[in-house]
Amino acid sequence: MQPLVLIIEDEISQAMVLQYNLEADGFAVKHAVTGDEGMLLAEEYTPAAIILDWMLPDVSGIEVCRRLKARKQTKSIPVLMLTARGEEADRVRGLNIGADDFMVKPHSIRELIARVHALMRRTSGANTEMTYADICLNTETHRVSRGDHRLKIGPTEFKLLQCFLERPHKVWTRAQLLDHVWGMDSDIEDRTVDVHVGRLRNALNIHQLPNLIRTIRGTGYSLDADD
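Next comes the structure, spelled out in structure tokens:
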């Protein structure tokens, strides 16, 4: 699964250049033109990294960063801020509210991508193990267990489960699952999602354990132990 980078930048031409080069380097990209939109996308998609412009038309980049770092769901996402401000006091202010790195415009695209990779390496070890209820998934060893049972699941089902574990209780539409697991440009049909969710269910329930993947009729699926 391609790591997702969220760009929060209101200058469309700059965002398009960033998106083109990030996608050429193997990333998936989402783009927001306002701070409010960026925060919504960050909560919905939990990107691997965020590139955030300091100057935005609604909420300032520094305030967006502060809010992202204050929320449990987004606080661990590394944030690289882009700014025309080169003053030390501004960089210190940004770092104090949680920014992970800074680049001053104009910047080198190659260096920016290298810094995104560095930020992701720095934080990759933090979330190697994902758990919910009695399910445990390890992104480093690619092992899945439920309670005392080691489970065998295919690579697509692994990605699906990882997606569900990122946001337990969230109702995922088939389109969102297609986007996260197969990629935005995939030609996969919605029916394929149902097939792989069925396989994942069978793997998780192989020892007659309670079903944790709930079907929301007409919408999609949710990982929910409270239903």
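So that you can map any letter, position 197 of the sequence shown is 194 in our numbering, and since no number is skipped, the others follow by simple counting. Even for Gly, the Cβ is constructed at its ideal location relative to N, Cα and C. Remember, it's a predicted structure, so these values are computed and weren't measured experimentally.
Have a look at residue i and residue j and give me their C-alpha separation to the nearest angstrom.
{"i": "residue 139", "j": "residue 126", "result": "10 Å"}
{"i": "residue 71", "j": "residue 197", "result": "27 Å"}
{"i": "residue -1", "j": "residue 93", "result": "30 Å"}
{"i": "residue 152", "j": "residue 191", "result": "16 Å"}
{"i": "residue 133", "j": "residue 141", "result": "6 Å"}
{"i": "residue 208", "j": "residue 164", "result": "17 Å"}
{"i": "residue 178", "j": "residue 105", "result": "31 Å"}
{"i": "residue 200", "j": "residue 149", "result": "7 Å"}
{"i": "residue 15", "j": "residue 202", "result": "43 Å"}
{"i": "residue 173", "j": "residue 20", "result": "19 Å"}
{"i": "residue 187", "j": "residue 171", "result": "6 Å"}
{"i": "residue 118", "j": "residue 23", "result": "15 Å"}
{"i": "residue 88", "j": "residue 103", "result": "16 Å"}
{"i": "residue 211", "j": "residue 160", "result": "14 Å"}
{"i": "residue 56", "j": "residue 8", "result": "15 Å"}
{"i": "residue 31", "j": "residue 52", "result": "10 Å"}
Quick check on this structure: which residue in the options has the alpha carbon closest to the alpha carbon of residue i?
{"i": "residue 49", "options": "0, 70, 149, 113", "result": "113"}
{"i": "residue 215", "options": "107, 169, 203, 45", "result": "169"}
{"i": "residue 18", "options": "33, 51, 111, 86", "result": "111"}
{"i": "residue 12", "options": "97, 47, 40, 23", "result": "47"}
{"i": "residue 206", "options": "42, 20, 131", "result": "131"}
{"i": "residue 213", "options": "166, 45, 185, 199", "result": "166"}
{"i": "residue 228", "options": "43, 25, 33, 135", "result": "A query on residue 228 cannot be resolved here, the shown segment of the chain reaching from -2 to 224 and no further."}
{"i": "residue 25", "options": "172, 75, 44, 186", "result": "44"}
{"i": "residue 221", "options": "73, 175, 162, 31", "result": "162"}
{"i": "residue 95", "options": "86, 59, 195", "result": "59"}
Considering only residues of the same chain and omitting the five flanking positions on each side of residue i, which have a CB-CB separation below 6 Å?
{"i": "residue 146", "result": "204"}
{"i": "residue 38", "result": "3, 27, 29"}
{"i": "residue 136", "result": "125"}
Leaving out five residues on either side along the sequence, give the residues of the same chain with a beta carbon under 7 Å from the beta carbon of residue i.
{"i": "residue 193", "result": "153, 154, 157"}
{"i": "residue 109", "result": "100"}
{"i": "residue 36", "result": "61, 64, 65"}
{"i": "residue 97", "result": "75, 76, 77, 116"}
{"i": "residue 185", "result": "175, 179"}
{"i": "residue 195", "result": "none"}
Would residue i be called buried (16 or more neighbouring beta carbons within 10 Å of its own) or exposed?
{"i": "residue 128", "result": "exposed"}
{"i": "residue 80", "result": "buried"}
{"i": "residue 6", "result": "buried"}
{"i": "residue 54", "result": "exposed"}
{"i": "residue 90", "result": "exposed"}
{"i": "residue 217", "result": "buried"}
Quick one: what's got a C-beta closer than 8 Å to residue i's C-beta in the same chain, skipping five residues either side?
{"i": "residue 182", "result": "Residue placement at residue 182 cannot be trusted, given a pLDDT of 49 that sits under 50; the coordinates are not used to answer."}
{"i": "residue 40", "result": "68, 70, 71"}
{"i": "residue 42", "result": "1, 3, 27, 177"}
{"i": "residue 143", "result": "131, 132, 133, 201, 204, 206"}
**Study point:** Whole alpha helix (DSSP H) elements within the region 67 to 100, 4-residue minimum
**Key:** Entirely contained in the region 67 to 100, the alpha helix (DSSP H) runs reaching 4 residues are, in chain order, 85 to 93.
Review point. Whole beta strand (DSSP E) runs in the region 137 to 200 with 3 or more residues, listed along the chain?
Key: 140 to 143, 146 to 148
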